[in-house]
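S.K.:
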Amino acid sequence: MRRPVVLAMVLAVSGCADPCEPDEYEGNDAETEVTDLGSISDSGNHITYELTLHSPDDADWFTFVTVDGGIDGNPEVWINVDGGDADIELELSFSCSGDPIEYFSCSGSPTDDGCVDRGKNPSLRFGYDCEGSLFDSTDNGIVILSVR
Numbered sequence: 000m001r002r003p004v005v006l007a008m009v010l011a012v013s014g015c016a017d018p019c020e021p022d023e024y025e026g027n028d029a030e031t032e033v034t035d036l037g038s039i040s041d042s043g044n045h046i047t048y049e050l051t052l053h054s055p056d057d058a059d060w061f062t063f064v065t066v067d068g069g070i071d072g073n074p075e076v077w078i079n080v081d082g083g084d085a086d087i088e089l090e091l092s093f094s095c096s097g098d099p100i101e102y103f104s105c106s107g108s109p110t111d112d113g114c115v116d117r118g119k120n121p122s123l124r125f126g127y128d129c130e131g132s133l134f135d136s137t138d139n140g141i142v143i144l145s146v147r
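Per numbering that gives the first Met the number 0, the sequence shown starts with residue 0, numbered consecutively.
1. Taking the C-alpha atoms as reference points, what is the distance between glutamate 101 and alanine 58?
2. So the candidates are Ser40, Asn120, Thr31, Glu130; which of them puts its Cα closest to the Cα of serine 96?
3. Count the other C-beta atoms from every protein chain shown that fall within 10 angstroms of the C-beta of isoleucine 87, then say buried if there are 16 or more, exposed otherwise.
4. Taking the alpha-carbon of proline 109 as reference, which of Pro99, Phe125, Lys119 has the nearest alpha-carbon?
5. Taking just the CA atoms, how far does tyrosine 127 sit from alanine 85?
6. Can you find a CB in chain C that lies within less than 7 angstroms of the CB of proline 74?
7. Starting from arginine 147, trace the beta strand (DSSP E) in both directions and tell me its first and last residue.
8. Identify whether aspartate 138 lies in helix, strand or coil by the three-state DSSP scheme.
9. Got a sec? Which residues, its chain only, sit under 6 angstroms from leucine 144 by beta carbon, not counting five neighbours each side?
10. Please name the residue or residues paired with tyrosine 24 in a DSSP beta bridge.
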């Protein structure tokens, strides 16, 4: 029996009343300017990123790969945003790196290729299985994430 393996990601987002200093990931204000966060494996990760929405209309875009290394199950990813008093939108798009998606589930409201959550502390939890082999990259997922 395969069990899900949890990957966790925490985004600590702060907004500013006045324009503030951009965070270290800036130049990522559009989907064409995403910041690559690298790979997250299913060996159990907990990663925190400190982000700043430096203006009321700022949007930050990220991409990362979820690696299904075949460790006892399919990856599940939790993304939590601590937005303080700000209303934040967290939107995720998902695709498999090589083969079609066997299943994809997400805790947020569904979109065409992922899910979205909005509020003071939005969070998304998703799981997937790509049809690819456990022994190469075709079973990995590609995530594009926007925070606004």
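Quick reminder that beta carbons are idealized off the backbone N, C-alpha and C, glycines included.
M.R.: Looking at the atomic coordinates:
1. The C-alpha of glutamate 101 lies about 31 angstroms from the C-alpha of alanine 58.
2. Glu130
3. buried
4. Phe125
5. 30 angstroms
6. Absence of chain C from the displayed structure is noted, only one protein chain being present.
7. Premise fails: arginine 147 is in no beta strand (DSSP E) and is neither H nor E.
8. helix
9. Phe61, Leu91
10. Its beta-bridge partners do not exist; DSSP assigns none.
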